[in-house]
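Chemist: As they're listed, the protein sequences go chains A and B.
Taking UniProt numbering, the leading residue of the first sequence gets 1, the next gets one more, and so forth.
Taking UniProt numbering, the leading residue of the second sequence gets 1, the next gets one more, and so forth.
Where is the CB? At the ideal position from N, CA and C, for every residue including glycine.
Everything numeric in this text was worked out from a predicted model, so none of it was measured.
2 protein chains.
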Amino acid sequence: MNYRNILLALLASPLMATAQTVTSPDGNVVVKFSLADGGKPTYEMTYKAKDVVKPSGLGLELVKSKHASKGMKETDLMDGFKVKDTKTSSFDETWTPVWGETRTIRNNYNELAVTLTQPATKRDILIRFRVYDYGMGLRYEFPQQNELNYFIIKEEHTQFAMAGDHTAYWIPGDYDTQEYEYQITKMSEIGKVFDKVYERYADNSSTTTFSKTGVQTSLQLKSADGLYINIHEAACLNYPTMHLNLDPQTMTFESWLTPDATGKKGYIQTPFNTPWRTVLVSDDARDMLSCKLTLNLNEPCKIEDTSWIHPTKYCGVWWNMIVGAKSWSYTNDYPSVKLGITDYAKCKPNGTHGATNAEVRRYIDFAAKNGLDQVLVEGWNEGWEDWFGHQKLDVFDFVTPYPDFDIKALNEYAHSKGVKLMMHHETSGSVINYERHLEDAFKLMNKYGYDAVKTGYVGDMIPRGEYHYSQLMNNHYQHVIEEAAKHHIMVNAHEATRPTGICRTWPNLVGNESARGTEYEAFGGSVPYHTVMLPFTRLQGGPMDYTPGIFETQLSSWSENKSFVHTTLCGQLSLYLVMYSPLQMAADLPEHYEKYDDAFQFIRDVPCDWDDSKYLEAEPAQYITVARKEKGKDNWFVGGKTNADARTAVVKLDFLDKGRKYECTLYKDAENADYEKNPKAYTITRRTVKKGDVIKVKEARGGGFAMSIMAK
Amino acid sequence: MNYRNILLALLASPLMATAQTVTSPDGNVVVKFSLADGGKPTYEMTYKAKDVVKPSGLGLELVKSKHASKGMKETDLMDGFKVKDTKTSSFDETWTPVWGETRTIRNNYNELAVTLTQPATKRDILIRFRVYDYGMGLRYEFPQQNELNYFIIKEEHTQFAMAGDHTAYWIPGDYDTQEYEYQITKMSEIGKVFDKVYERYADNSSTTTFSKTGVQTSLQLKSADGLYINIHEAACLNYPTMHLNLDPQTMTFESWLTPDATGKKGYIQTPFNTPWRTVLVSDDARDMLSCKLTLNLNEPCKIEDTSWIHPTKYCGVWWNMIVGAKSWSYTNDYPSVKLGITDYAKCKPNGTHGATNAEVRRYIDFAAKNGLDQVLVEGWNEGWEDWFGHQKLDVFDFVTPYPDFDIKALNEYAHSKGVKLMMHHETSGSVINYERHLEDAFKLMNKYGYDAVKTGYVGDMIPRGEYHYSQLMNNHYQHVIEEAAKHHIMVNAHEATRPTGICRTWPNLVGNESARGTEYEAFGGSVPYHTVMLPFTRLQGGPMDYTPGIFETQLSSWSENKSFVHTTLCGQLSLYLVMYSPLQMAADLPEHYEKYDDAFQFIRDVPCDWDDSKYLEAEPAQYITVARKEKGKDNWFVGGKTNADARTAVVKLDFLDKGRKYECTLYKDAENADYEKNPKAYTITRRTVKKGDVIKVKEARGGGFAMSIMAK
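1. Which residues of chain B have a Cβ atom closer than 9 angstroms to the Cβ of residue 466 of chain A, listed in chain order?
2. Taking a Cβ distance cut-off of 7 angstroms, strictly less, list which residues of the segment 315-335 of chain B are near chain A, in chain order.
3. Rounded to the nearest angstrom, what separates residue 69 of chain B and residue 388 of chain A at their Cα positions?
4. Could you give the distance in angstroms between the alpha-carbon of residue 186 of chain A and the alpha-carbon of residue 247 of chain A?
5. Taking 7 angstroms as the limit between beta carbons, can you name the residues of its chain near residue 190 of chain A, skipping five residues before and five after?
6. Determine, using beta carbons only, whether residue 200 of chain B comes closer than 8 angstroms to chain A.
7. So which of B:529, B:692 and B:547 has the shortest CA-CA distance to residue 703 of chain B?
8. Is the shortest distance between the beta-carbon of residue 374 of chain B and the beta-carbons of chain A less than 8 angstroms?
9. Give a yes or no on whether the minimum CB-CB distance between residue 436 of chain B and chain A is below 8 angstroms.
10. Which bits of chain B does residue 413 of chain A rub up against, with CB to CB less than 7 angstroms?
11. Taking buried to mean at least 16 other C-beta atoms within 10 Å of its own C-beta, is residue 700 of chain A buried or exposed?
12. Look up residue 675 of chain B in the DSSP assignment and give the residues it is bridged to.
13. Considering only the alpha carbon of each residue, which of A:93, A:523, A:105 and A:109 lies closest to residue 30 of chain A?
14. With burial defined as no fewer than 16 other Cβ atoms inside 10 Å of the residue's Cβ, what is the status of residue 412 of chain A: buried or exposed?
15. Could you compute how far the alpha carbon of residue 733 of chain A sits from the alpha carbon of residue 62 of chain A?
16. If you measure between the beta carbons of residue 82 of chain A and residue 119 of chain A, is that distance less than 8 angstroms?
17. Mapping DSSP to helix, strand and coil, what is residue 106 of chain A?
18. Look at the alpha carbon of residue 289 of chain A and the alpha carbon of residue 222 of chain A, and state the distance between them as a whole number of angstroms.
19. Confirm, please, whether the CB-CB distance from residue 312 of chain A to residue 583 of chain A is below 8 angstroms.
20. Does residue 448 of chain B come within less than 8 angstroms of chain A when only Cβ atoms are used?
21. Take residue 307 of chain A as the anchor and find which of A:490, A:27, A:445 and A:178 has the nearest alpha-carbon.
22. Kindly indicate which three-state DSSP category residue 288 of chain A falls into: helix, strand or coil?
23. Quick one: list the residues of chain B neighbouring residue 237 of chain A, beta-carbon separation under 9 angstroms, in chain order.
24. Output the distance between the C-alpha atoms of residue 209 of chain A and residue 127 of chain A, rounded to the nearest integer angstrom.
25. Under 7 angstroms: does the beta carbon of residue 156 of chain A sit that close to some heavy atom of the ligand HEM?
26. Starting from the C-beta of residue 253 of chain A, find all residues in its chain whose C-beta is less than 6 angstroms away, skip the five residues before and the five after it, and write them out in chain order.
27. Residue 390 of chain A touches chain B at which residues, Cβ-Cβ below 9 angstroms?
28. How is residue 500 of chain A classed by DSSP in three states: helix, strand or coil?
29. Are residue 496 of chain A and residue 514 of chain A touching if we call contact CB-CB under 8 angstroms?
30. DSSP has residue 87 of chain A in a bridge; who is on the other side?
31. Which of the residues in the segment 414-435 of chain A, read from start to end, lie with their CB under 8 angstroms from any CB of chain B?
32. Pull up the CB-CB distance for residue 735 of chain B and residue 353 of chain B, whole angstroms please, since I reckon it's below 8 angstroms.
33. In whole angstroms, what separates the C-alpha of residue 158 of chain A from that of residue 140 of chain A?
34. Going by beta carbon distance, what residues of the same chain come within less than 6 angstroms of residue 104 of chain B, once the five residues before and after it are set aside?
35. For the segment 132-145 of chain A, which residues have a beta carbon sitting closer than 7 angstroms to at least one beta carbon of chain B?
36. Whose Cβ in chain B lies nearer than 8 angstroms to the Cβ of residue 475 of chain A?
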């Protein structure tokens with residue numbers, strides 16, 4: 001030790017005096033809180049003694065009031081703090097989700113709650129840390145107090161200082177869309193390739209990036225020394241969605257909230273808690289997928305009677321329109337339409353309308369025959385002729401069917417066959433309009449027996465100037481979920497904010513899009529690793545309505561669309577397991593499934609609710625193999641998916657009951673299968689299996705496999 | 001003529017070739033339309049051959065699309081036009097308003113409709129002129145067409161080039177408030193005194209001026225040669241409110257629309273018509289008050305059954321709070337409250353809450369005893385503890401009464417006495433929140449028998465960044481009116497956009513504030529000429545809920561408020577006639593009226609619906625004397641009001657039936673009355689009168705008189 005080090009040690013001592021440490025139940029994760037010079041809140045995090053987050057600042061910058069110049073006290077919540085109180089505690093509870101990957105979920109953490117006081121302002125805040133075996137969450141809490149009742153957030157400055165130039169699996173930070181392909185670069189490369197990545201998306205009407213080093217959460221990282229790290233948030237309620245902005249000089253990510261139309265970020269009334277800022281960590285990639293930290297950091301279910309909430313397998317009048325063979329609209333007579341004025345009964349049908357009585361009946365028949373629960377119908381209601389890109393306020397009323405969609409008769413026909421229709425509410429981003437019609441729209445659903453709605457927010461928002469992920473819009477999505485719950489309606493929200501585990505509290509939120517879904521396979525395609533990336537990132541916050549199951553992967557074989565699906569047919573089957581969701585679509589056309597009925601048997605068989613899930617193999621953007629046990633039954637289903645590289649999955653049947661025999665059906669890529677050259681080549685084999693058997697399955701380039709293991 | 005003039009004449013000839021002229025039915029008003037150089041639409045207007053509007057440009061500037069750079073056609077609707085078609089027509093119809101100043105209204109105009117085409121873009125627009133005996137209206141019409149379906153307005157450039165440096169009676173142009181005192185200056189002085197005028201208001205949380213020569217409409221002007229000119233708009237529906245910005249170099253006012261949160265001004269889908277831009281003109285100030293041009297330019301009534309709409313005289317639990325003696329809030333226990341979480345049953349009442357059961361019963365008794373129809377109650381519902389200034393989204397739910405307001409019992413008690421309660425919905429500017437609760441709030445009103453609501457929009461708007469008078473907010477106010485009509489509810493909207501005659505189409509809009517009301521007499525006072533200014537300006541668009549009738553003009557005599565009302569007691573009485581409204585409040589406290597019961601007899605007697613109205617004397621900001629005939633009866637009521645100068649009104653009883661005798665009761669200022677020194681000195685005299693009698697009445701400084709003339 002030289003003199004300089006002695007001096008530093010002396011200087012550091014006041015800081016160390018206030019340091020508080022909290023450790024995960026298994027001892028692997030350690031989080032330390034301290035006040036740095038100037039009373040600045042700081043934390044750091046290690047995993048098995050390796051740095052995960054180096055000392056990083058915490059705090060919030062506030063908007064100054066209009067009246068600040070008149071002597072009102074105005075300050076930030078950034079520094080000048082003293083520790084007023086610290087409390088540590090432990091928590092261990094097992095809860096039962098309404099639906100999920102496992103029958104029960106253990107919520108086991110150690111907690112540190114630090115109350116800080118800012119003497120200059122007489123304001124107190126609390127920072128709460130919860131440390132789990134595979135990560136931690138921290139949040140800010142603002143108790144009600146005389147000197148802190150209302151404030152406006154200019155920016156939250158929660159930092160995540162990384163210990164190295166990790167590999168990042170990232171998409172551009174954007175206030176309005178999440179529908180990007182993941183980039184895989186060193187953190188230091190993000191800023192260098194950002195423009196090139198973004199220029200492919202800039203044509204979208206609703207895309208708003210904010211920084212060339214800005215990325216979205218959940219952000220997956222991998223360190224050179226083998227740590228998997230994931231940064232996200234949990235329980236984002238009445239708060240703007242968080243992005244991360246990288247300082248490449250210090251390898252530090254910092255929170256960057258979504259602003260409102262005026263550039264301000266959050267309007268807070270105390271008492272209030274921010275969302276949790278989460279960091280997952282493990283040296284085994286599979287823990288990234290099985291860890292339930294995001295759900296655990298959300299509040300328990302607030303819906304008392306959940307009997308009406310159910311996992312759902314469905315097909316729909318949808319893919320035909322996405323591919324371009326059919327239209328959502330009913331007529332081409334008018335350059336624009338006005339609801340309540342345009343008389344659809346008098347105009348000429350365009351002949352391409354998808355949601356006709358005949359077509360919907362065909363889908364109902366198909367669903368009934370194949371055990372699918374529901375039929376989604378898009379384009380059933382007036383207004384699709386000019387719904388997009390015009391910032392049109394009164395774009396849909398959500399209650400008036402087109403002349404060729406007999407809502408009463410079709411629902412009755414579906415119910416007579418044991419099937420339900422699934423409602424579709426596209427808002428075109430006109431939130432003001434949707435809220436005006438929400439109650440009537442839900443009443444219509446109740447009247448005709450719909451119990452699930454797919455909502456959509458395509459395009460620029462109204463109120464104009466608001467972004468898809470601002471506080472007010474997040475408040476809107478939550479408003480819809482809560483109003484829907486009153487009507488016993490399940491919600492599957494597309495283009496809404498990425499989920500943050502809110503489905504624990506509101507399990508009628510059965511799905512979200514909030515990422516690049518299967519539709520992009522008809523818009524030029526997605527990289528083959530996309531679906532072995534999404535479970536590490538987008539799915540951290542909740543299930544995605546990815547709409548898998550496209551068997552006719554070459555769209556040009558039946559339409560004028562030149563795109564092709566970037567997986568094999570078996571790769572499509574694997575997604576029903578790899579991409580967990582209680583809502584699973586069989587997205588292709590009935591006539592396509594009929595051509596491959598033996599493979600379709602897997603979709604008939606696979607459930608979408610589970611008692612248990614075992615991630616057998618996983619590496620971000622490379623492969624995922626998962627086994628899941630059917631809810632209330634002894635059947636298992638296994639799925640594996642690879643990226644553009646062929647590989648051999650190894651499925652060890654350790655999870656089966658000892659001494660029991662199972663009938664295993666394996667749907668796998670044929671030897672010569674290839675997502676580009678020979679996507680529909682598959683083989684189906686059956687054998688009897690038992691615990692301890694090991695099955696090796698070759699996955700083609702862009703391929704995968706599916707397996708049903710039925711207890712005998 | 002020299003050569004230069006010959007040349008100019010030659011150049012001008014193509015312009016002259018396209019000029020079109022339309023004249024008022026009486027021939028006094030002439031409007032000429034022409035295309036100036038470059039195909040720019042231009043108009044001019046004369047009255048009795050005097051210039052009213054010199055050649056002035058018309059047109060709209062459009063926002064360029066995001067995709068403009070990619071070859072999409074982008075152009076303004078400013079010039080490059082050719083005349084495609086012109087049509088002239090005449091119209092003469094008499095219609096019957098649901099309520100009003102007269103039993104019937106004649107709508108008699110000559111019309112010129114010019115269809116313009118812009119060859120470069122293949123776009124057509126139409127400019128329609130309607131010319132009346134006392135003015136004209138013009139508007140832009142956009143037919144549905146292939147090349148013009150949707151567009152965004154950057155600015156409307158409708159010009160009003162004045163013929164001189166007129167005297168202007170103006171208030172600052174402001175996107176958020178109209179609650180200013182009128183300034184009286186030469187037009188050329190507006191910019192010079194603007195800052196000094198504005199600084200008195202800049203403390204308001206919601207005030208947004210945009211130009212130091214920006215003023216509001218309706219703008220009253222007076223020319224040196226004795227013309228009264230008034231610029232306003234009619235039928236502002238789904239469009240932003242228009243302000244006027246003066247170019248002092250050319251004495252030209254130009255339209256300046258209220259922007260949205262993104263700075264854009266209007267989102268238009270064709271077919272669409274803008275509001276009418278109106279110019280009233282006469283050489284007799286009384287014509288400014290009697291002219292019904294604004295109403296006539298609105299569409300006929302759209303409510304089929306109007307039987308539930310009725311003029312209303314009311315008192316209310318209100319003035320006590322405005323003065324500061326009582327509070328809207330129920331408790332002082334908390335620095336802030338949250339609806340549904342704060343338990344009001346458990347907190348300590350503050351002892352100052354106005355809307356208690358006992359107090360409301362006292363007002364009901366007072367109303368019943370004195371023939372008042374309704375009792376307004378403000379502060380009846382949870383949320384008033386922190387309702388203002390916090391941009392709080394969930395500020396009120398409009399359905400939950402405070403513990404000391406028994407909504408069921410109080411309504412039953414009122415109904416048992418033949419009185420109704422009047423509902424109050426203060427939104428605190430949180431429009432998103434109000435729309436979420438609107439249906440439940442109206443259902444509650446229907447349940448308990450309310451049929452009128454006073455709405456309020458105090459403070460900054462939510463959606464944040466929107467202004468009080470933007471297109472989206474104007475759309476909201478209209479949404480509330482139309483939803484209220486479905487529930488048979490009358491609306492009296494405060495802090496909403498200034499009216500533009502929409503009450504013809506939606507007569508359940510029985511009142512607006514939209515100007516500086518009586519409440520300011522408790523906030524430091526208003527200039528004595530304020531109420532002889534408002535009928536020339538604010539009232540052009542529709543009635544104002546001015547809430548007159550303050551008898552205890554010295555507030556310090558019964559409260560700690562140091563303000564005083566800037567009229568005499570008789571001046572207050574005169575307002576029931578001078579400020580026409582179907583909704584009239586007796587705003588003072590019952591105990592104050594009891595002290596002056598002989599004067600209160602006039603408020604008991606005066607109706608608020610009329611068969612006829614005669615403006616006997618008028619000069620802006622100086623005096624107004626008006627006689628009105630009670631609806632369905634042969635009684636007349638006369639009111640006169642002066643400014644800070646004493647004067648003698650001359651009331652010629654020409655309007656009485658010949659040969660009939662009437663009992664006339666005159667409420668007039670005492671000889672020594674004075675609004676500052678002796679405001680409550682009055683005399684009441686009775687005499688029999690007949691047609692042809694002339695009554696001279698002395699009005700004190702800040703005073704006035706009222707007269708009932710009952711047929712014997």
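Modeler: Let me spell this out:
1. 261, 463, 464 and 465
2. 335
3. With a pLDDT of only 45 at residue 69 of chain B, under 50, the local geometry of the prediction cannot be trusted, and the value read off the model is given with reservation. Going from the Cα of residue 69 of chain B to the Cα of residue 388 of chain A covers about 20 angstroms.
4. 13 angstroms
5. 168, 170, 213, 215 and 246
6. no
7. B:529
8. no
9. yes
10. The premise fails here: residue 413 of chain A is roughly 32 angstroms from chain B at the closest Cβ pair, so nothing lies under 7 angstroms.
11. buried
12. DSSP, once it has assigned bridges, lists no residue as partnering residue 675 of chain B.
13. A:109
14. exposed
15. The structure shown does not extend to residue 733 of chain A, since chain A is modelled only from 1 through 712, so no value can be given for it.
16. yes
17. strand
18. 14 angstroms
19. yes
20. no
21. A:490
22. helix
23. Here the premise fails: no neighbours, minimum Cβ distance about 13 angstroms.
24. 30 angstroms
25. Looking at this structure, you won't find the ligand HEM or any other ligand, since it has none at all.
26. 160, 244 and 246
27. 149, 150, 267 and 269
28. coil
29. yes
30. A:113
31. 432 and 435
32. This structure does not reach residue 735 of chain B, given that chain B is present from 1 up to 712, and the question cannot be answered.
33. 10 angstroms
34. 94 and 96
35. 144
36. 393
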